[in-house]
Structures are given as structure tokens and as C-alpha cells.
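Single-structure report; data block below.
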Amino acid sequence: MIDIPSMQRAGANAVKAIIDDVISEKLDVEKKFSSSKTAFRIADLGCSVGPNTFIAMQNIIDAVQQKYQSQGFASHMPEFQVFFNDHTSNDFNTLFASLPPERPYFATGVPGSFHGRLFPDFSLDFVHSSFALQWLSKVPEELLSKNSAAWNKGRVHYASAPDEVAQAYTVQFAKDITTFLEGRAKELVVGGLMVLNMPGIPNGNPHSSSVTGLSFDILGHCLVDMAKEGLISEVQVDSFNVPIYVASPKEMT
Ligand SMILES: C[S@@+](CC[C@H](N)C(=O)[O-])C[C@H]1O[C@@H](n2cnc3c(N)ncnc32)[C@H](O)[C@@H]1O
1 MIDIPSMQRA GANAVKAIID DVISEKLDVE KKFSSSKTAF RIADLGCSVG
51 PNTFIAMQNI IDAVQQKYQS QGFASHMPEF QVFFNDHTSN DFNTLFASLP
101 PERPYFATGV PGSFHGRLFP DFSLDFVHSS FALQWLSKVP EELLSKNSAA
151 WNKGRVHYAS APDEVAQAYT VQFAKDITTF LEGRAKELVV GGLMVLNMPG
201 IPNGNPHSSS VTGLSFDILG HCLVDMAKEG LISEVQVDSF NVPIYVASPK
251 EMT
């Protein structure tokens, strides 16, 4: 059985080295210190309920503190504020109740979709997101129309579907990632940093080769079997599609 939260934690640990490098190479401590005396503000977009988000936030703060120390600014260490973002339906109570008691930051919950604006202009120093950007804002509409070439009958995903289905997902992802990046471009301060960790597929590989795609194929087959046994209706299977897209590095540039 695949243990998804542990897999995500392993992914978050692997990203620690990237966070360390980005902060060590790109954070301009002198500029931050001379231009503003406000807290160093970090947002985790798609944080869920923890604990992975707490580990990632601590990793970022450790790296920033290390950079301040190495640049001779140890006595000017900023305060830290962390914005935990997820959908309004996220269990923020569980998140707040399990916040590390000794945390070196002020914690704030920010409900809402990261596919829209979440923060004022120039208000964040660091944006982080882990295993969340694969979620689309919606299922592409063409998949639900019987008259469309992208009608996804008998499947719940694009991995082994006709090209038209995959293309509809690709277009939706392109729209969503553009909106996401445009929003963050406004919200980050000049010189702000961003680390995005998400499942991906190598450039040029077929969609059917992704592990995520394979899992959804199996799910689709199970639902079709359940429909054949009369446990659910065929209409329900045909109208259900998973709004998850696994992008290639090329699609992120
Ligand atoms: C797989 S979990 C990852 C949680 C955590 N970041 C981690 O690495 O363990 C994905 C999270 O992203 C959130 N999410 C998905 N789409 C979102 C959106 N448009 N806006 C905000 N959060 C979103 C989900 O609600 C879920 O909590």
C-alpha cells in the first residue's frame, strides 16, 4: 500500500536541500534589513492539517536564520510570520491544535483557493507549496459533454484516455498555473522567493507512464466494475473525473 503522507514527507525532506540553496544563494538579507523592519512573511499554499507543513516552515526559517548569521546580521534577526493556506473546507482547527508549541513564528490561517489572490501586493517574502499544485481549479468542462470529443466515458482521468481528454487537462493546467503565478508575482516582495514541490513527469514521457495516472486508471476500472454490478450508476462514473494533472518541467516554464 502507498503511504501518501509519508511519501509527501520524503518529498519535503528532499526539498530541504533546495530550500537551503535558494535562501543561501538568493536571499538578499541586507536589502530586506534596510528596506523594511517588518516580519519575514512566509506562506505555505495547500498546507493541509500538518505535520509536513510544520517541518517545511521550520526548514525555511532555519535557512533564513542561518543566512542572517552568516552575513553578520545575527543581532537583527527578523520576527517570522507564517500564513497557512488551504481551501475553506480544510480542517484548520486540527492544524491550529497541532501547531508546534515552541514555534519561532506567528501563525495565521488563510482560507481560500491559491488559484485566486490571497494576499495584498508585495506582502510575502517566501512562498512555499508542496504536493498541492497538481490539483486543478476544476474538471475541464469538455469532459462532461456527451457531444464533445473529450467526453471521458468510462474513465476518471486522462492517463489512458484519447488525446482530446489529455489536451483538455493540459489546457486547464496551463490556465491554472498562469493564474497562480500571476497572483504570486503580485503578492511577493521584490526579491521574494518561491519553492514549489509537486509531482511531475519527465519531458516527453507519455501521460500513461505516470504512477499517478496508473492509480487513477485502476480507480476508473473499479468504478466501471461497480457500475456493472449495479452498485453505482454508469452516469455517475461518466460524470466523475479527478481534477489532478501531473505536469512536465517544460509546462512550468
Ligand atoms: C496532498 S495535500 C499536501 C499537503 C501538504 N502540503 C503536504 O505536503 O503534506 C494537498 C493540499 O492542497 C490543498 N489544495 C488543493 N487545491 C488547493 C487550492 N486551489 N487552494 C488551496 N489549497 C488547495 C488540498 O486541500 C490539500 O490540503
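Just so we're aligned, residue 1 is where the sequence shown starts under full-length UniProt numbering, counting upward by one. Each residue gets a CB set at the ideal place from its N, CA and C atoms; glycine is no exception.
Other residues of its chain near residue i: CB distance less than 8 Å, five sequence neighbours each side excluded
i: Gln-167; result: Ala-150
i: Lys-31; result: Gly-191
i: Gly-112; result: Asn-85, His-87, Thr-88, Leu-118
i: Ala-39; result: Pro-78, Glu-79, Phe-80, Gln-81, Phe-106
i: His-174; result: This sequence places Ala at residue 174; His is not what is there. Hits under 8 Å: Glu-251.
i: Phe-240; result: Val-156, Leu-223
i: Pro-120; result: Glu-187
Expected contact under 8 Å - CB spacing of residue i and residue j to nearest Å
i: Ser-248; j: Gly-200; result: 6 Å
i: Ile-23; j: Val-82; result: That pair is no contact at about 15 Å.
i: Lys-26; j: Asn-59; result: Not a contact, Cβ separation roughly 16 Å.
i: Leu-193; j: Phe-126; result: 5 Å
i: His-207; j: Ala-159; result: 5 Å
i: Glu-187; j: Leu-124; result: 5 Å
i: His-157; j: Gly-213; result: 6 Å
i: Ser-210; j: Val-165; result: Not really, about 14 Å apart at Cβ, beyond 8 Å.
For residue i, the three-state DSSP class (helix, strand or coil)
i: Ala-185; result: helix
i: His-221; result: helix
i: Val-242; result: coil
i: Leu-196; result: strand
i: Gly-191; result: strand
Own chain partners of residue i with C-beta closer than 7 Å, once the 5 adjacent residues on each side are dropped
i: Pro-243; result: Trp-135, Leu-136, Lys-138, Val-139
i: Val-64; result: Ile-23, Leu-27, Phe-40
i: Ser-48; result: Asp-86, Asn-90
i: Asp-225; result: none
i: Phe-33; result: Phe-73, His-76
i: Ile-61; result: Phe-80, Pro-104, Tyr-105
Extent of the continuous alpha helix (DSSP H) to which residue i belongs
i: Gln-71; result: Here Gln-71 belongs to no alpha helix (DSSP H), and DSSP marks it neither H nor E.
i: Asp-238; result: 234 to 238
i: Glu-30; result: 29 to 35
Same chain only: Cβ atoms within 6 Å of residue i, ignoring 5 sequence neighbours per side
i: Thr-108; result: Phe-83
i: Val-110; result: Phe-83, Asn-85, Leu-118
i: Glu-142; result: Ser-148, Ala-150, Ala-168
i: Lys-153; result: Asp-238
i: Gln-172; result: Leu-136, Pro-140
i: Ala-227; result: Glu-234, Val-237
i: Ser-129; result: Leu-45, Gly-46, Leu-196
i: Asp-176; result: His-115, Leu-136, Ser-137
i: Leu-99; result: Ala-107
i: Phe-54; result: Pro-100
i: Asp-217; result: Ala-159, Ser-160
Limits of the unbroken beta strand (DSSP E) element including residue i
i: Phe-126; result: 124 to 130
i: Phe-40; result: 40 to 45
Interface flag, residue i vs chain B, CB-CB below 8 Å
i: Phe-33; result: No chain B is present in this structure, which holds just one protein chain.
message = List, from N- to C-terminal side, the beta strand (DSSP E) runs of 3 residues or more that fit wholly inside the region 133 to 160.
response = none
key: Sequence ranges, alpha helix (DSSP H) only - wholly within the region 54 to 111, length at least 4   = 92 to 97
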